[in-house]
Amino acid sequence: MNIKVFTALVILTLSASSNAARFDITGDIGQIRYHEASSSFAPLWRKHTWFEIVNPDTKPNCKPYAPGTYAISIPENNETALTMLLSAKMANKKVMVTLDDSILFPDNGYCKLQYLTIL
């Protein structure tokens with residue numbers, strides 16, 4: 001392969017842009033909802049949790065839950081995140097939620113939690 005062609009391919013590959021972005025959102029915790037394992041109301045959400053971030057300081061490219069709020073999803077088996085979330089809510093502490101807006105869970109739903117920090 002010609003070195004110029006190879007170099008051009010490498011540059012194109014490395015410079016390919018993505019619409020995904022990391023967001024660090026600080027706000028208050030609103031609603032927290034857990035979907036029971038055999039729930040018939042929302043089958044995609046079985047065993048999963050979502051919470052509402054209220055008064056966010058940043059607007060991610062995520063599906064809003066209500067005007068000015070976003071729902072962040074937490075897949076099953078994330079007890080540490082749930083414990084931290086409940087502790088912050090009970091203590092009335094703000095949280096910083098880190099997410100990647102290209103990772104939606106479940107199935108084109110809300111943005112999925114990557115990090116949770118109690119402030």
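Position 109 of the sequence shown, counting from 1, maps to 109 under the numbering used here, and the rest follow consecutively.
By construction, the Cβ of each residue, glycine as well, lies at the ideal position given by its N, Cα and C atoms.
Bear in mind that the values here come from a model prediction, so they are computed numbers and not experimental data.
- When LYS47, THR49, SER73, ASN77 are compared, the shortest CA-CA separation from CYS111 is found for SER73.
- One alpha carbon belongs to ALA37, the other to PRO75, and they sit about 12 Å apart.
- Looking at the backbone, the Cα of VAL95 and that of ILE103 are separated by about 20 Å.
- Distance from ASP57 to THR26 at the Cβ level is roughly 5 Å; contact confirmed, criterion being Cβ atoms closer than 8 Å.
- When the Cα atoms are used, PHE51 and ASN2 turn out to be separated by approximately 53 Å.
- The region 50 to 90 contains, as complete beta strand (DSSP E) runs of 3+ residues, the segments 64 to 66, 69 to 74 (chain order).
- THR49 and VAL97 have their C-alpha atoms some 15 Å from each other.
- Residues of the same chain with a CB within less than 6 Å of the CB of ASN61, apart from the 5 flanking positions on each side, are ASP101 in chain order.
- Spanning the alpha carbons of PRO106 and TRP45 requires a straight line of approximately 7 Å.
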